[in-house]
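Taken in sequence, the protein lines are chains C and Z.
For the first sequence, the working numbering begins at 14 and goes up steadily by one.
For the second sequence, the working numbering begins at 124 and goes up steadily by one.
Working notes, beginning with the structure itself.
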Amino acid sequence: KNEVEQSPQNLTAQEGEFITINCSYSVGISALHWLQQHPGGGIVSLFMLSSGKKKHGRLIATINIQEKHSSLHITASHPRDSAVYICAVHPGGSEKLVFGKGTKLTVNP
Amino acid sequence: GAVVSQHPSRVICKSGTSVKIECRSLDFQATTMFWYRQFPKQSLMLMATSNEGSKATYEQGVEKDKFLINHASLTLSTLTVTSAHPEDSSFYICSARGPGSSYEQYFGPGTRLTVT
């Protein structure tokens with residue numbers, strides 16, 4: 014079993030829909046990242062969080078440390094949001110990252 | 124700020140040759156950089172942790188003599204794939220630990236290596 018599980022693996026939405034991507038992990042962590050990977054391959058860091066909630070534009074990330082769960086929400090989704098979204102965690106006090114397999118999001122116009 | 128570049132973005136090489144990939148932090152100093160590999164439709168896997176001025180720390184199963192890492196300055200780490208084989212074809216991504224929190228990482232755009 015992977016230390017970091019994401020769901021769903023694939024998600025197709027219509028433009029304007031509210032999107033939720035989930036991440037569950039099995040180990041104690043110091044921090045969690047949400048990353049975005051576009052088809053070209055480059056990775057952009059969206060959020061790093063260790064508690065609570067963060068918001069940036071139409072993106073919201075939440076984390077529940079006790080339940081070992083995080084969610085990434087996208088409001089008013091747009092075709093340009095189409096990408097792979099990756100959850101990654103720092104186990105314990107480690108600087109290393111352990112990655113989920115990613116959620117492929119396709120937003121249709 | 125906190126931009127990481129990689130060069131080249133794509134490289135094709137013949138089996139048996141060596142390829143060097145550069146990872147640079149453009150506007151900050153990075154004492155620690157990380158090298159990852161990603162196979163198609165797979166998640167990223169950490170290959171090694173690169174520390175400026177010292178030997179890299181390799182993850183289990185990664186051959187240090189095949190994947191040579193040099194972190195000679197605070198802004199540059201290089202990964203050299205020696206005696207490349209077709210199975211080394213992959214997407215290689217570096218990241219640099221940010222100037223703030225030790226958990227902050229900034230990713231490079233990646234290098235697509237194809238070995239023919």
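In this text, a Cβ means the ideal position worked out from N, Cα and C, and glycines have one as well.
key: Same chain, Cβ closer than 6 angstroms to S200 (chain Z), neighbours up to 5 away in sequence not counted   = Position 77 of the second sequence, counted from the start, is the residue given in the question as residue 200 (chain Z). Only C146, M156, S173, H194 meet the Cβ criterion.
key: Rounded Cβ spacing between S210 (chain C) and S63 (chain C) (contact assumed at less than 8 angstroms)   = Given a span of 14 to 122 for chain C in the structure shown, any question on residue 210 (chain C) remains unanswerable.
request  = Check whether the Cβ atoms of V127 (chain Z) and T203 (chain Z) sit closer than 8 angstroms, and answer yes or no.
outcome  = Here residue 127 (chain Z) corresponds to residue number 4 of the second sequence, with the count starting at 1. Here residue 203 (chain Z) corresponds to residue number 80 of the second sequence, with the count starting at 1. No. Outside cutoff.
request  = Quick one: measure Cβ to Cβ for E16 (chain C) and V111 (chain C), integer angstroms, because I've assumed they're closer than 8 angstroms.
outcome  = Counting from 1 along the first sequence, the entry for residue 16 (chain C) is found at position 3. Counting from 1 along the first sequence, the entry for residue 111 (chain C) is found at position 98. So it is a contact: roughly 5 angstroms between Cβ atoms.
task = Assign R93 (chain C) to one of three DSSP states: helix, strand, or coil.
result = For the purposes of this step, residue 93 (chain C) is identified with residue 80 of the first sequence, where counting begins at 1. Residue state, collapsed to three classes: helix.
task = Please look up how many angstroms separate the CB atoms of S58 (chain C) and H46 (chain C), rounded, as I've assumed it's under 8 angstroms.
result = Reading the first sequence from its first residue, position 45 is the one you call residue 58 (chain C). Reading the first sequence from its first residue, position 33 is the one you call residue 46 (chain C). Correct: roughly 6 angstroms between the Cβ atoms.
message = What does the alpha-carbon distance come out to for the pair I78 (chain C) and E227 (chain Z)?
response = Residue mapping note: residue 78 (chain C) aligns to position 65 of the first sequence, counting from 1. Residue mapping note: residue 227 (chain Z) aligns to position 104 of the second sequence, counting from 1. Within the model, the alpha-carbon separation for I78 (chain C) versus E227 (chain Z) is close to 19 angstroms.
N-terminal and C-terminal residue of the beta strand (DSSP E) that V134 (chain Z) is part of = Numbered from its first residue, the second sequence carries residue 134 (chain Z) at position 11. 133-136 is the span of the beta strand (DSSP E), which, as asked, contains V134 (chain Z).
ask   = At what residue ranges does the segment 174-227 of chain Z contain a whole run of the beta strand (DSSP E), taking only runs of 3 or more?
value = 190-196, 199-204, 213-220
task = Please confirm if G233 (chain Z) has its CB atom under 8 angstroms from at least one CB of chain C.
result = Taking the first residue of the second sequence as position 1, residue 233 (chain Z) is located at position 110. Closer than 8 angstroms: yes.
ask   = Using the beta-carbon of each residue, which ones in chain C are nearer than 9 angstroms to R220 (chain Z)?
value = Taking the first residue of the second sequence as position 1, residue 220 (chain Z) is located at position 97. Neighbours of R220 (chain Z) on chain C, chain order: E108.
task = Compare the beta carbon distance of F151 (chain Z) and G231 (chain Z) with 8 angstroms and say whether it is the shorter of the two.
result = Here the question's residue 151 (chain Z) lines up with position 28 in the second sequence. Here the question's residue 231 (chain Z) lines up with position 108 in the second sequence. It is not a contact, given that the beta carbons lie outside the stated cut-off.
ask   = According to DSSP, which residues form a beta bridge with R160 (chain Z)?
value = Working through the second sequence from its first residue, we reach residue 160 (chain Z) at position 37. DSSP, once it has assigned bridges, lists Z:M168, Z:Y215 as partnering R160 (chain Z).
key: Any chain C beta carbon closer than 8 angstroms to D172 (chain Z)   = Sequence index remark: in the second sequence, residue 172 (chain Z) carries index 49 (1-based). Residue identity differs from the one stated: residue 172 (chain Z) is Thr in this sequence, not Asp. Yes, its Cβ sits closer than 8 angstroms to a Cβ of chain C.
inquiry  = Beta carbons nearer than 9 angstroms to chain C: which residues of the segment 151-168 of chain Z have them?
reply    = T155, F157, Y159, Q161, K164, Q165, S166, L167, M168
key: Backbone CA spacing between S84 (chain C) and F60 (chain C) [nearest angstrom]   = For this step, residue 84 (chain C) is matched to residue 71 along the first sequence. For this step, residue 60 (chain C) is matched to residue 47 along the first sequence. Straight-line Cα distance between these residues: approximately 11 angstroms.
key: Rounded Cβ spacing between S213 (chain Z) and Q161 (chain Z) (contact assumed at less than 8 angstroms)   = Walking along the second sequence from the start, residue 213 (chain Z) turns up at place 90. Walking along the second sequence from the start, residue 161 (chain Z) turns up at place 38. 7 angstroms between Cβ atoms; contact.
key: Contacts that Y181 (chain Z) makes with chain A (C-beta to C-beta distance below 9 angstroms)   = Absent here is chain A; the protein component of the structure consists of chains C and Z.
query = What residues in its chain sit with their C-beta under 8 angstroms from that of T234 (chain Z), if we drop five residues either side in the sequence?
reply = Position 111 of the second sequence holds residue 234 (chain Z). Excluding residues within five positions, the ones whose Cβ falls inside 8 angstroms are Q129, H130, P131, S132, R133, V134, I144, F214, Y215, I216.
request  = Please name the residue, chosen from C:S95, C:H91, C:I99, C:G70, that lies closest to I56 (chain C) on a Cα-to-Cα basis.
outcome  = For this step, residue 56 (chain C) is matched to residue 43 along the first sequence. Taking only the C-alpha atoms, the option nearest I56 (chain C) is C:I99.
ask   = So, is T88 (chain C) buried or exposed, given that buried needs 16 or more other C-beta atoms within 10 angstroms?
value = For the purposes of this step, residue 88 (chain C) is taken as the residue at position 75 of the first sequence. By the 10 Å Cβ count, T88 (chain C) comes out exposed.
message = Judging by CA-CA distance, which residue of Z:M168, Z:A179, Z:L236, Z:A125 is the nearest neighbour of E210 (chain Z)?
response = To locate residue 210 (chain Z), count along the second sequence from 1; it is residue 87. Ranking Z:M168, Z:A179, Z:L236, Z:A125 by Cα distance to E210 (chain Z) puts Z:L236 first.
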